[in-house]
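K.L.:
Protein chains in written order, with my numbering: chain A, 2 to 226; chain B, 2 to 226.
2 protein chains.
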Amino acid sequence: MRLLLVEDDLILKDGLERAFSKSGYAVDVMSDGDSANKLLTYQEYDVIVLDLGLPKLDGFEVLKRLRARGNKTPVLILTALEDTRNRVKGLDLGADDYLTKPFELDELEARVRALIRRGISGGSAKITFGDLVFDTSNRQCLFQNVPLSLSQREVALMELLMLKATKVVSKAKILEHLCSWDEEMSENAVEVNISRLRKKLNVFGIEIRTIRGLGYLLASLENKV
Amino acid sequence: MRLLLVEDDLILKDGLERAFSKSGYAVDVMSDGDSANKLLTYQEYDVIVLDLGLPKLDGFEVLKRLRARGNKTPVLILTALEDTRNRVKGLDLGADDYLTKPFELDELEARVRALIRRGISGGSAKITFGDLVFDTSNRQCLFQNVPLSLSQREVALMELLMLKATKVVSKAKILEHLCSWDEEMSENAVEVNISRLRKKLNVFGIEIRTIRGLGYLLASLENKV
DNA sequence: CGATTGTTGTCAGCTTGATGTCAGCTTGCT
DNA sequence: AGCAAGCTGACATCAAGCTGACAACAATCG
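1) Per DSSP, what are the beta-bridge partners of Tyr-217 of chain B in this structure?
2) Nearest to Cys-142 of chain A by alpha carbon, out of A:Gly-131, A:Arg-154, A:Met-159?
3) Compare the C-beta of Gly-16 of chain B against all C-beta atoms of chain A and say whether one is closer than 8 Å.
4) Beta-carbon separation of Val-169 of chain A and Ile-212 of chain A under 8 Å?
5) Assign Met-31 of chain A to one of three DSSP states: helix, strand, or coil.
6) So what does DSSP say about Thr-42 of chain B, is it helix, strand or coil?
7) Give me the DSSP bridge partner(s) of Thr-129 of chain A.
8) Enumerate in chain order the residues of its own chain whose CB-to-CB distance from Thr-167 of chain A is below 7 Å, with the five nearest sequence positions on each side excluded.
9) If we count Cβ pairs, one from each stretch, closer than 8 Å, do we get three or more for the segment 134 to 153 of chain B versus the segment 103 to 111 of chain B?
10) If the cut is a Cβ gap below 9 Å, which residues of chain B does Lys-73 of chain A touch?
11) DSSP beta-bridge partners for Pro-1 of chain B?
12) Which residues mark the beginning and the end of the beta strand (DSSP E) in which Arg-154 of chain B is found?
13) At what residues does the beta strand (DSSP E) containing Arg-70 of chain B begin and finish?
14) On the criterion of 16 or more Cβ atoms from any shown chain inside 10 Å, does Glu-8 of chain A qualify as buried, or is it exposed?
15) Is Ile-12 of chain B close to chain A? Criterion is C-beta to C-beta, closer than 8 Å.
16) Say whether chain A places a C-beta atom closer than 8 Å to the C-beta of Gly-214 of chain B.
17) Note down, in chain order, each residue of its chain lying with its Cβ closer than 7 Å to the Cβ of Leu-164 of chain B, except the 5 sequence neighbours on either side.
18) Starting from the beta carbon of Gln-153 of chain A, find every residue of chain B whose beta carbon is closer than 7 Å, and list them in chain order.
19) Just to make sure I have the definition right: I need the residues of chain A whose C-beta is within less than 9 Å of the C-beta of Arg-171 of chain B. Which are they?
20) If you measure from the beta carbon of Arg-70 of chain A to each beta carbon in chain B, is any gap under 8 Å?
21) So, with DSSP's three-state summary, where would you put Leu-198 of chain A?
22) List, in order along the chain, the chain A residues whose C-beta lies closer than 8 Å to that of Lys-174 of chain B?
23) Chain B partners of Asn-253 of chain A, CB-CB under 8 Å?
24) Going by DSSP, name the residue or residues bridged to Val-50 of chain B.
25) Taking C-beta pairs closer than 7 Å, name the residues in chain B that Thr-42 of chain A reaches, listed in chain order.
26) Return yes when the Cβ of Phe-61 of chain A is within less than 8 Å of the Cβ of Leu-13 of chain A, no when it is not.
27) Classify Asp-15 of chain A as helix, strand or coil using the three-state DSSP reduction.
28) Ile-117 of chain B and Asp-29 of chain B: beta carbons closer than 8 Å?
29) Provide the residue(s) that pair with Leu-100 of chain A in DSSP beta bridges, ordered along the chain.
30) Is it the case that the Cβ atoms of Leu-11 of chain B and Gly-34 of chain B are separated by a distance below 8 Å?
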């Protein structure tokens, strides 16, 4: 699997390159938008991991040009910007998934894997859990193909729970996933959000189980643990 | 489905060829007007995607000669020229639809699909959504065959919403679709236009649903989410 | 040419929905 | 029982979105 990493931060760049190489990807690295853009006019990849804040030509522009050329290679964008605007703009321009910094390596790898699966199968990037499907490309959660009406926060929570399905997710981790650097949130806020999500999911027989002192995990009602 | 792509830009050509092949079309590619013209004298296609700026013989001429021979194959023209002049000229010469570069692959594919449907049914290029029909050749929107009286802006909005039917269309994307290079528009203007269009559509039981923070999507009232 | 009509962007004030905080309650562990 | 962890209804706040009113402009008609 051939992966292009476009990232200007030296440390992140090295770390990711090493990690992906270790996982068996053939990794090429570019550290500015212009070179990446040029490279992409003649070199094919299975997946592209693209930082948005880049020197010379920003990530948006690289993505825009790639798609204008009709290139469908799955692209995951990395962004330091938390707000929805950039996320939406990126997905509009044809990104298939995104991840907000700081993120965890595990998570990035899982999503890259999902994108590659998607590339082969032709569908969009999805995480599934029983009858639940989380479509990362439009950030929608479906139950038996019916879209659930969830708020942004609830979607973010679902995403995390499904990504780690059947594993315990701590409140601290949830806080980290929902808040960026500047925002602050109490643990109680997590409880409240869990409560709200739980209410919506119970209707469909999906349970968010509480592991006292540790966190939460996703389970379906039949599936007793 | 057999598709002829006439395009001289190397990158775009490759990208489109790959994309259409992937979608199951039998794609032939010509990169100049003269060869395309000759090929078309003996080879039949279901649909032709034709760039206007071509070496040797421009797209207008290829189209003109094709129609002069009495060939009715649906033709979608691609043009880099923003102004209406060429679009109109193309449609006058017998093109069935057009797309201005840069365009999105999704959009091109949707329109090609529409053209093919039209080719089979013998009508003109249409996008349908339930009882709604959008006729791209005269830019009219019909509900159960009754034309809706919509302003230009509303038509443009309908076109976009129907093209992406049941998918969320962001305000940013709408802005981009409604405004050309020089114009500027506020997000509120989009809201106002949505509001006006919504009012007209509600009468027919068609709903423009708001997805808070993300955008809008077209749905019919029965189709609960 | 002036009047009428229709289109469309802007604005302001309002409505709606999302989301954090809090308080008081429930649960489960020892 | 007693305590800490967790739950949840109620409320407050804020941002997103809606829409009536208006103004600027263009097209049409007498």
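All C-beta atoms in this analysis are idealised placements derived from N, C-alpha and C, irrespective of residue type, glycine included.
Note that the coordinates shown come from a computational prediction; the quantities given were computed from them, not determined experimentally.
P.N.:
So, from the listed chains and residues:
1) In the DSSP output, where bridge partners are listed per residue, Tyr-217 of chain B has B:Val-170, B:Thr-211.
2) The candidate whose alpha carbon is nearest that of Cys-142 of chain A is A:Met-159.
3) For Gly-16 of chain B, the answer is yes, since a Cβ of chain A falls inside 8 Å of its Cβ.
4) A contact, by the Cβ cut-off of 8 Å.
5) DSSP places Met-31 of chain A in strand when its eight states are reduced to three.
6) Helix, per DSSP.
7) Partner(s): A:Val-134.
8) Closer than 7 Å at the Cβ level, and outside the excluded window around Thr-167 of chain A, lie Leu-218, Leu-219, Ala-220.
9) At 8 Å Cβ cutoff, the stretches do not touch.
10) Chain order gives the chain B residues near Lys-73 of chain A as Gly-16, Arg-19, Ala-20, Lys-23, Leu-106, where near means a beta carbon separation below 9 Å.
11) Given a span of 2 to 226 for chain B in the structure shown, any question on residue 1 of chain B remains unanswerable.
12) That residue, Arg-154 of chain B, is in no beta strand (DSSP E); its alpha helix (DSSP H) goes 153 to 164.
13) It is not in any beta strand (DSSP E) - Arg-70 of chain B carries neither H nor E in the DSSP assignment.
14) Buried, since its Cβ has 16 or more Cβ neighbours within 10 Å.
15) Yes, Ile-12 of chain B lies at the interface with chain A (some Cβ there is under 8 Å from its Cβ).
16) Chain A contact via Cβ: present.
17) Short of 7 Å from the beta carbon of Leu-164 of chain B, and not among the five residues preceding or following it, lie these beta carbons of its own chain, in chain order: Glu-108, Ala-111, Ile-128.
18) By Cβ distance, chain B contributes Gly-214.
19) The amino acid occupying residue 171 of chain B in the given sequence is Ser; Arg does not appear at that position. Listed along chain A, the residues sitting closer than 9 Å to Ser-171 of chain B by beta-carbon distance are Val-89, Lys-90, Leu-92, Asp-93.
20) With 8 Å as the cut-off, Arg-70 of chain A counts as an interface residue toward chain B.
21) In this structure, Leu-198 of chain A counts as helix in the three-state DSSP scheme.
22) Those are Asp-93, listed as they occur along chain A.
23) Limits of chain A in this structure are 2 at one end and 226 at the other, which puts residue 253 of chain A out of reach.
24) Val-50 of chain B is bridged to B:Leu-6, B:Leu-77.
25) Close partners of Thr-42 of chain A in chain B (Cβ separation under 7 Å): Ile-12.
26) Phe-61 of chain A sits away from Leu-13 of chain A, with the two beta carbons spaced by 8 Å or more.
27) Helix, per DSSP.
28) No, these two residues do not count as a Cβ contact at 8 Å.
29) A:Leu-79.
30) Not a contact, by the Cβ cut-off of 8 Å.
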